[in-house]
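Per our numbering, the sequence shown starts with residue 535, numbered consecutively.
The beta carbon of each residue, even a glycine, is placed where N, CA and C say it ideally should be.
Below you'll find the structure, written out as C-alpha cells, and then a few comments.
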Amino acid sequence: MFADVLKRTQPDFIITVGTSMYLSKAAREANVFHFELLHGWGYEKVPWGWEKFDKDYLPQGILTLDQYSTESFIPLQKNLELLLQVEHPFFRLLKEKNSCIKIEKFSQKSA
C-alpha cells in the first residue's frame with residue numbers, strides 16, 4: 535500500500551509523526567527521503583524499540599524540537615542520515631517581531 539501511494543504521488547520527501555516501519559521501508563525503496571518529526575519534548579530514551587530495528591525500517595532523518603530529545607536519539611545516528619534539531623514553529627511565531635500575540639512575563643509571588 536505505501537509503495538503504491540509513493541509511486542503515485544512521487545514526493546521529494548515525506549514528514550511523518552508516529553510512522554510505520556513499513557512506510558519507512560517503502561520510502562527507502564522508492565528513494566524518498568523520510569523524516570520523522572518528534573512531536574513532543576524531553577524524550578529521555580528512544581521509544582518504540584527503534585534501537586532494535588534494521589536501518590531499512592527506520593526513517594532516514596529525525597527532526598527534534600529540543601536539545602534533550604536530540605541527545606537521546608544520538609545512539610540511533612549510525613542508522614540515520616540526519617538528526618536535526620529544529621525550532622518549534624509555535625515558539626517561532628511567538629518570537630516574531632510583529633506577532634499579534636502579546637507575551638508577558640509573570641512572576642510567582644510568595645504567599
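Handout entry: Residue range of the beta strand (DSSP E) that includes T598
Key = G595 to T598
Exercise for the section: Please report the Cβ distance between E570 and P545, rounded to the nearest whole angstrom; I am assuming they are in contact, meaning their Cβ atoms lie under 8 angstroms. Expected result: About 15 angstroms; that fails the 8 angstroms criterion.
Handout entry: Beta carbon of E585 nearer than 8 angstroms to that of P609
Key = yes
Handout entry: Where the alpha helix (DSSP H) through E605 begins and ends
Key = Q601 to S606
Exercise for the section: For H573, write down the residues that DSSP places opposite it in a beta bridge. Expected result: Answer is none; H573 lacks a bridge partner.
Practice task
Less than 8 angstroms between the CB atoms is what I'm expecting for A561 and I548, so what's the real figure, rounded?
Solution key: 6 angstroms
Handout entry: Cα-Cα separation between L616 and G595, rounded to whole angstroms
Key = 4 angstroms
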